[in-house]
Amino acid sequence: MYLSHNVSLVTTHVLQNMKNKGEKIAMLTAYDYSMAKILDESNIDIILVGDSASNVMAGYKTTLPITLNEMIYHASSVCRAVKRSFVVVDLPFGTYQGNSKEALNSAIRIMKESGANAVKMEGGREILESVERIISAGIPVMGHLGLMPQSINKFGTYIVRAKEDEEAQRLREDALLLQEKGCFSIVLEKIPAALATEVTQSLRIPTIGIGAGSGTDGQVLVLHDMLGISNDFSPRFLRRYNNLYDGIKNSVQAYINDVKDINFPNENEQYY
Ligand code: KIV
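Numbering (our numbering), first residue to last: 5 to 276.
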């Protein structure tokens, strides 16, 4: 695929320059063509095809069940819409943790079959071999520390992580290790703002926060949460920019009423 010359593409270099210049990075999730087209045409910097698709799109309680094939389906739908933004895809649970060869194969499948720009992986020291192998194949890796939803069965809860010294220290060290191995960026999820700021200042590469305060180099939210499509998830860090749950429901109810009352279609909405 040859890239068009009249759009300024977001690349890992562009993202690094943004950190160097102190320009914040805006990232949102998308899982389908139509939403990705709107985000790309709104000039979002990064689109994350998150494994939150497992919750938001498939209705599972956790991110664990989503498969590599399902992630590739979502990612390729997103990539067909995107002209400018940088697309990152989550490696789903069970496709990279145990074995670095399998991790590389999973990452290669995502890159080849979807056309994405990078993969994201949850974890620190325990996944370094996989991170290194994937990066050595020329695939950019975004790390993910703090609350790691794929480890929900180990944590037992979605509360704020790294409040205690020991876990905070481990996170600081893991962030440096991921940077050393060549990650181009790290997501910091649901950790104290002061710790996220400290880690951000200690790293050369950009951090992207979710529930990590304003001191990170960028922010990410799940699109369906910030648009108010999902109305049953209200963590403290979430800002809702719309209430599309009510907007869509009201539109659907108006349509149902029009059909039942024979108000739709009218004379202008039919063929002669
Ligand atoms: O899957 C996802 O949407 C994520 C973000 C919450 C960072 O990993």
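Glycine is no exception: its CB is placed at the ideal position from the N, C-alpha and C atoms.
Model, not experiment: these values are computed from the prediction.
- By the Cβ neighbour-count rule, Val-256 is exposed, with fewer than 16 other Cβ atoms within 10 Å of its own.
- Selection Lys-28, Lys-65, Asp-49 and Val-53 evaluated against Phe-237 yields Lys-65 as nearest (Cα-Cα).
- Scanning its chain for C-beta atoms nearer than 6 Å, with the 5 sequence neighbours on each side dropped, one finds around Phe-241 the residues Gly-215, in chain order.
- Straight-line spacing of the CA atoms in Ile-163 and Ile-252 works out to 31 Å.
- Of all alpha-carbon atoms in Met-22, Ala-79, Ile-190 and Arg-174, the one lying nearest the alpha-carbon of Asp-36 is that of Ala-79.
- Rounded to whole angstroms, Phe-159 and Asp-49 show a C-alpha spacing of 31 Å.
- Taking 7 Å as the cut-off, one finds no heavy atom of ligand 1 near enough to the beta carbon of Asp-250.
- Taking non-hydrogen atoms of ligand 1 into account, the C-beta of Ser-56 is found less than 7 Å away from one of them.
- For Phe-97, no alpha helix (DSSP H) run applies, since DSSP gives it neither H nor E.
- When the beta-carbon positions are compared, Gly-232 and Leu-192 stay at least 8 Å from each other.
- Straight-line spacing of the CA atoms in Phe-188 and Tyr-100 works out to 18 Å.
- Taking 8 Å as the cut-off, the beta carbon of Ile-209 is found no closer than this to the beta carbon of Ile-195.
- Under the DSSP assignment, Ile-131 falls outside any beta strand (DSSP E); it carries neither an H nor an E label.
- By the criterion of a C-beta distance shorter than 7 Å, Thr-201 is surrounded in its chain by Gly-217 and Gly-219, once the five residues flanking it on both sides are discounted.
- Comparing alpha carbon positions, the residue from Gly-98, Arg-129 and Lys-25 closest to Glu-177 is Arg-129.
- Under a 10 Å Cβ-count criterion, Glu-126 is classified as buried, with 16 or more other Cβ atoms of the shown protein chains found around its own Cβ.
- Fewer than three beta-carbon pairs drawn from the region 163 to 175 and the region 95 to 111 are found closer than 8 Å, and the two stretches are therefore not classed as touching.
- Contact between Leu-175 and Val-203 holds, since their C-beta atoms are separated by about 7 Å, short of 8 Å.
- The Cβ neighbour count for Asn-121, taken over all protein chains shown within 10 Å, is at least 16; the residue is labelled buried.
- Going by beta carbons, Leu-182 and Val-135 fall inside the 8 Å limit.
- Uninterrupted alpha helix (DSSP H) stretches at least 4 residues long and entirely within the region 151 to 230 occur at 156 to 159, 169 to 185, 197 to 206 and 227 to 230, given in chain order.
- Within the same chain, and ignoring the five residues on either side of Ala-172 in sequence, the residues whose Cβ sits closer than 7 Å to its Cβ are Ala-166 and Leu-199.
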